[in-house]
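Chains as they are written, first to last, in the working numbering: chain V, 2 to 115; chain L, 124 to 234.
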Amino acid sequence: KAGVTQTPRYLIKTRGQQVTLSCSPISGHRSVSWYQQTPGQGLQFLFEYFSETQRNKGNFPGRFSGRQFSNSRSEMNVSTLELGDSALYLCASSLESAGRDGYTFGSGTRLTVV
Amino acid sequence: SQQGEEDPQALSIQEGENATMNCSYKTSINNLQWYRQNSGRGLVHLILIRSNEREKHSGRLRVTLDTSKKSSSLLITASRAADTASYFCATDTYNTDKLIFGTGTRLQVFP
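Next comes the structure, spelled out in structure tokens:
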């Protein structure tokens, strides 16, 4: 079966711009979670969507938002980009909420803000 | 703050040797999971151990869990160069309703 697909793989944006990242989960998985990974902070939880509802949110500013569609595909948006938003953004899907049965991760989107 | 802390931060061994990584956490858990990440890629789920289990095996992997010490270890036996990666523990706790990842151990296996 197809894995978790994240697009695009790489992105370069300028400070102040906004960006939208996309994630297609494994077929049948209703939970999609997003993580930000940086060398300094490690893997930080952004938010989780389950059946189109945001179930949980990490400690990130309101510039970070997301949504989930009826087909479970998810998008995350970052507005007014800052240099510190440069990171690897990882999407993960699971059957159960909060990855309790184990996450399947996508390959990530590498965002560079210049 | 991180729920899980891996130890050591980095580990270098020769092919054929065993690699042991440890994870300590702070609060009671439902389960603990181990993941591998090759450089700059997504994480791969390796093994899940529930709070009522003490040991679990999967191929060359052995995971132990000691809830009294709030710690887990991942043992990779007969390591290969392809095992070179970062390894993370992740905890599912009763009160956070999300999977929280530790800081990771970078494993380098030399041929």
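Note that beta-carbon positions come from the ideal geometry of N, C-alpha and C, so glycine has one too. Note that the structure is predicted; figures quoted are calculated from it, not measured.
Taking the beta strand (DSSP E) that L:Leu155 falls in, what are its first and last residues? Start and end: Ile152 to Gln160.
Please state whether DSSP places L:Ser205 in a helix, a strand or coil. Per the sequence presented here, residue 205 of chain L reads as Ala, with Ser not at that position. DSSP, read as helix, strand or coil, puts L:Ala205 in helix.
Taking 8 Å as the cut-off, does the stretch 162-178 of chain L touch the stretch 141-149 of chain L (at least 3 CB pairs, one atom from each stretch)? Output reads no: the stretch 162-178 of chain L does not touch the stretch 141-149 of chain L.
For a contact defined as C-beta to C-beta under 7 Å, what are the partners of L:Lys221 on chain V? Result: Phe46, Glu49, Asn57 and Ala99.
Just verifying my parser: in three-state terms, what is the DSSP assignment at V:Gly86? Inspection of the sequence shows that residue 86 of chain V is occupied by Asp rather than by Gly. Of the three classes helix, strand and coil, the one that applies to V:Asp86 here is helix, per DSSP.
Of the choices V:Ser108, V:Phe65 and V:Leu44, whose alpha-carbon is the least far from that of L:Gly306? The structure shown does not extend to residue 306 of chain L, since chain L is modelled only from 124 through 234, so no value can be given for it.
In the stretch 99-115 of chain V, which residues sit with their C-beta less than 8 Å from some C-beta in chain L, listed in chain order? So the close ones are Ala99, Gly100, Arg101, Asp102, Gly103, Tyr104, Thr105, Phe106, Gly107, Ser108, Gly109 and Arg111.
What residues in the stretch 30-45 of chain V have a beta carbon less than 8 Å from any beta carbon of chain L? Result list: Ser34, Tyr36, Gly43 and Leu44.
Buried versus exposed call for L:Ser124 [16 or more other C-beta atoms within 10 Å across all chains shown]: Note that L:Ser124 scores 46 on pLDDT, short of 50, meaning its location in the model is unreliable and no value can be drawn from it.
So that I know if they touch, is there some Cβ in chain V lying closer than 8 Å to that of L:Leu230? With its beta carbon at least 8 Å from every one in chain V, L:Leu230 lies outside the interface.
L:Ala208 vs L:Leu230 beta-carbon contact at 8 Å: With respect to L:Leu230, L:Ala208 sits close: the two C-beta atoms are nearer than 8 Å.
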